[in-house]
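**Student:** Numbering (our numbering), first residue to last: 92 to 405. Built from N, CA and C at the ideal position, the CB exists for glycine as well. What you are looking at is a predicted structure, and each value in this text was computed from that prediction instead of being measured.
1) Once DSSP output is grouped into helix, strand and coil, what is the label at residue 246?
2) By alpha-carbon positions, which one of 125, 334 and 297 ends up nearest to residue 158?
3) Helix, strand or coil, according to DSSP, for residue 277 in the structure here?
4) Thinking C-beta only, is residue 335 closer than 8 Å to residue 343?
5) So, under 8 Å CB-CB, residue 290 and residue 384 are touching, yes? Tell me the CB distance rounded to an integer number of Å.
6) I'd like to confirm the pairing. Which residues does DSSP put opposite residue 135 in its beta bridges?
7) Taking residue 405 as the reference, give the member of 282, 311 and 187 with the closest Cα.
8) Looking at the unbroken beta strand (DSSP E) that takes in residue 189, where does it start and where does it end?
9) Are the Cβ atoms of residue 167 and residue 153 separated by less than 8 Å?
10) Among 262, 280, 204 and 266, whose alpha-carbon lies nearest the alpha-carbon of residue 366?
11) Buried or exposed: which applies to residue 193, given that a residue is buried once 16 or more other Cβ atoms fall within 10 Å of its Cβ?
12) In whole angstroms, what separates the C-alpha of residue 325 from that of residue 317?
13) Go to residue 312, then tell me how far its beta strand (DSSP E) extends in each direction, as first and last residue.
14) Can you give me the C-alpha to C-alpha distance between residue 401 and residue 306, rounded to a whole angstrom?
15) What are the boundary residues of the beta strand (DSSP E) that residue 181 is part of?
16) When the Cα atoms are used, what is the spatial distance from residue 140 to residue 382?
17) So, at 6 Å on beta carbons, what are the nonlocal neighbours of residue 197 in its own chain, with the 5 sequence-adjacent residues on each side left out?
18) Let me know if residue 360 comes out buried or exposed under the rule of 16 or more other beta-carbons within 10 Å of its beta-carbon.
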């Protein structure tokens, strides 16, 4: 009888352990991974942490920003840190707890940190082992009583809620209407614009001149505030697409890095021109969706937002 009870207990433990990991088809795995990645996206602020043993590196205890498959170190106010800790990451939602592999992109490039994580409401709990490269914790605790499953670091972050922003309006145009709308946008952009202010978040390989710009037809040039064109100054061909909620603008650089595309959105409000662009390597392949650089806007954020004021007419 004792033997039978022991055998049943062993079988129960084995079946429970086996049930922890999920077996999914490829379609189910893709869907589960996408959903789990979506929940991770955004800005998380450090709340508390515990550790046991010195590690060669630990996840920053200030702020983390998850965007697509990259996580970055941020300041407490949500600003990206130039050359701050950056990692690519992969997750496995079939594991319980969900596993995460962090691969460092700077510092010790290529170094892998293995961990587990869970999201509870608006909290992200991340447990990592930073003493050996091939060890993954199995528990969200650092006490020695957890044995081989203990983590060296357990950190809790709180999600920063997205800031409210103006609602963009979806537009529907026939080809003829779109052509007319694009012409109207280009017409509104014409002339001499003097730089007024900007905000940015993160490194930018190039920005529109912060002195003044002159737009003539579909050509943008760098100019001085007094209206003189600058020899060999920044120049770009521009195209617009007014069919989008916010008018898209694409700048194709003519010098510096000829052919390089800079993607943005643009609007004219009275005598002011506002251009939001993605000029960092992070999101240079997509147009921003909002006129903000705050990380709480996620993929809709811009790398830089610049405002110009129309020069007085003579």
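**Tutor:** In brief:
1) Numbered from its first residue, the chain shown carries residue 246 at position 155. Residue 246: strand per DSSP, three-state reduction.
2) Reading the chain shown from its first residue, position 67 is the one you call residue 158. Closest by alpha carbon: 125.
3) For the purposes of this step, residue 277 is taken as the residue at position 186 of the chain shown. Looking at residue 277 - three-state DSSP - the assignment turns out to be helix.
4) Taking the first residue of the chain shown as position 1, residue 343 is located at position 252. Taking the first residue of the chain shown as position 1, residue 335 is located at position 244. No.
5) Counted from its first residue, the chain shown places residue 290 at position 199. Counted from its first residue, the chain shown places residue 384 at position 293. Contact holds; Cβ gap of about 5 Å.
6) Position 44 of the chain shown, counted from the start, is the residue given in the question as residue 135. Looking at the DSSP assignment, residue 135 forms a beta bridge with 155 and 250.
7) Your numbering for residue 405 matches position 314 in the chain shown. With distances taken between Cα atoms, residue 405 lies closest to 282.
8) Walking along the chain shown from the start, residue 189 turns up at place 98. From DSSP, the beta strand (DSSP E) with residue 189 extends over 189-195.
9) To locate residue 167, count along the chain shown from 1; it is residue 76. To locate residue 153, count along the chain shown from 1; it is residue 62. Cβ atoms of residue 167 and residue 153: closer than 8 Å.
10) If you number the chain shown from 1, residue 366 lands on position 275. For residue 366, the nearest C-alpha among the options comes from 280.
11) Counted from its first residue, the chain shown places residue 193 at position 102. Classification for residue 193: buried.
12) Within the chain shown, the letter at position 234 stands for residue 325. Within the chain shown, the letter at position 226 stands for residue 317. Between residue 325 and residue 317, the C-alpha separation is close to 17 Å.
13) Mapped onto the chain shown, residue 312 falls at position 221. Segment 310-314, the beta strand (DSSP E) holding residue 312.
14) Start at 1 with the first residue of the chain shown, and residue 401 comes out as number 310. Start at 1 with the first residue of the chain shown, and residue 306 comes out as number 215. Going by the C-alpha atoms only, they are around 11 Å apart.
15) Looking up residue 181 in the chain shown gives position 90. Note, residue 181: beta strand (DSSP E), 177-183.
16) Within the chain shown, numbered from 1, the residue matching residue 140 stands at position 49. Within the chain shown, numbered from 1, the residue matching residue 382 stands at position 291. Rounded to the nearest angstrom, the two C-alpha atoms are 35 Å apart.
17) One-based indexing of the chain shown puts residue 197 at position 106. Correct list, in chain order: 177.
18) The sequence position of residue 360 within the chain shown is 269, counting from 1. Per the 10 Å Cβ criterion, exposed.
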